[in-house]
Amino acid sequence: MFEDIVVKTLKFIGYNVATTMNITDVDDKTIKASVEE
Numbered sequence: 004m005f006e007d008i009v010v011k012t013l014k015f016i017g018y019n020v021a022t023t024m025n026i027t028d029v030d031d032k033t034i035k036a037s038v039e040e
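Numbered by the working numbering, the letters in the sequence shown go through residues 4 to 40 in order.
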């Protein structure tokens with residue numbers, strides 16, 4: 004939501020905005036190690 008407002012505001016005042024999305028695949032070993040810590 005915050006990012007959307009920032010992008011819309013920047014576009015409104017004239018900036019050329021490009022956005023990206025990072026999708027991370029977290030496997031079971033990573034989750035298990037995280038819980039153990």
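Beta carbons are placed, not taken as given, at the ideal position from N, Cα and C, and that holds for glycine.
Keep in mind that this is a model prediction, so the values were computed, not measured.
Inter-residue Cα distance where the pair is residue i and residue j
i     : j     : result
TYR18 : LYS35 : 43 Å
LEU13 : GLU6  : 11 Å
ASP31 : SER37 : 10 Å
VAL9  : THR33 : 32 Å
MET4  : ALA21 : 16 Å
The ligand PLP heavy atom lying under 8 Å from the CB of residue i
i     : result
ASP30 : Annotation note on the ligand PLP: not contained in the displayed structure, which lists no ligands.
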